[in-house]
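Asks: Following my numbering, the numbering of the sequence shown begins with 1287 at its first residue and continues without gaps.
Note that beta-carbon positions come from the ideal geometry of N, C-alpha and C, so glycine has one too.
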Amino acid sequence: MSHIGHPLIADTMYGGKIRFPKKADEVLKDALKGFDRQALHSKKLTLTHPILGQEMSWKAPLPKDMQALIKVLQKYDPA
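1) DSSP three-state label for K1350, please.
2) Using DSSP with H/G/I as helix, E/B as strand and the rest coil, what is K1345?
3) Suppose only complete runs of 4+ residues qualify. What are the alpha helix (DSSP H) ranges in the stretch 1290-1344, listed by chain order?
4) Go ahead and label L1355 buried or exposed: buried means 16 or more other beta carbons lie within 10 angstroms of its beta carbon, across all protein chains shown.
5) Is there contact between the stretch 1297-1315 and the stretch 1328-1337, where contact requires at least three CB pairs shorter than 8 Å?
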């Protein structure tokens, strides 16, 4: 995503250091600084088993830390 100008939140490997929006207040800055992993999640993953040839699926709920971050971000861009 960083190659198109939209790095993932907390992706220091490809996104570099944290960049804050111009009008970010301390609540937003703290939320972004406190998120210590890539903000990337897959709700559902489906693949074909390489030996059995069967389709396999897994589902995972959105982690609590991502829910909290999204809640803060929505205050700044409710769309």
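Replies: A quick look at the data gives this:
1) helix
2) strand
3) 1312-1320
4) buried
5) no
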